[in-house]
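Asks:
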Amino acid sequence: MNTGGLDRPCNEFNPGQAWLEILHAESVPVTITSDAHHPDQIARHFPGAVELLHKIGYTEITTFTKRRRGSLKI
């Protein structure tokens, strides 16, 4: 899930809520990215992303540390 779309004319996450609902129904894990190009943009809009994912039914997000997949409860 890319939060950078909130700063663009489309003004929505990518993928949007409808696609995220389909992904959740198919048990597809999700990670959150900010599409940051400057340090002050890192993790921008993450609280809203977590709120939407939780509303859809996700209980965790996928994380990566040293190329190893993990998860974080939300």
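Following this note's numbering, the numbering of the sequence shown begins with 1473 at its first residue and continues without gaps.
Glycine residues also receive a C-beta, built at the ideal position from the N, C-alpha and C atoms.
Please read all numbers here as calculations on a predicted model, not as lab measurements.
Comparing alpha-carbon positions, which option in W1491, T1534 and H1517 lies nearest S1506?
Replies: For this step, residue 1506 is matched to residue 34 along the sequence shown. Of the candidates W1491, T1534 and H1517, the one whose C-alpha sits nearest the C-alpha of S1506 is H1517.
Asks: Taking only the alpha-carbon atoms, compute the straight-line gap between G1542 and T1535 and give it to the nearest angstrom.
Replies: Counting from 1 along the sequence shown, the entry for residue 1542 is found at position 70. Counting from 1 along the sequence shown, the entry for residue 1535 is found at position 63. Going by the C-alpha atoms only, they are around 5 Å apart.
Asks: Going by CA-CA distance only, name the one from R1480, L1492 and T1475 that's closest to H1526.
Replies: Locating residue 1526 in the sequence shown gives position 54, where the first residue counts as 1. Residue L1492 is the option with its Cα nearest to H1526.
Asks: Could you say which of M1473, E1484 and I1514 lies nearest to H1496 if we only look at CA atoms?
Replies: Here residue 1496 is taken as the residue at index 24 of the sequence shown, counted from 1. Measuring from the Cα of H1496, the nearest candidate turns out to be M1473.
Asks: Would you mind working out which of I1494, D1479, G1488 and P1487 sits nearest H1509, comparing C-alpha positions?
Replies: The residue given as residue 1509 occupies position 37 in the sequence shown. Nearest of I1494, D1479, G1488 and P1487 to H1509, Cα basis: D1479.
Asks: For I1504 and P1481, I'd like the C-alpha separation in whole angstroms.
Replies: On the sequence shown, position 32 is the one that residue 1504 refers to. On the sequence shown, position 9 is the one that residue 1481 refers to. Cα to Cα, the separation comes out at about 20 Å.
Asks: How about E1532 and L1524: are their beta carbons less than 8 Å apart?
Replies: Along the sequence shown, read from residue 1 onward, the residue named residue 1532 stands at position 60. Along the sequence shown, read from residue 1 onward, the residue named residue 1524 stands at position 52. No, Cβ-Cβ distance for E1532 and L1524 is not below 8 Å.
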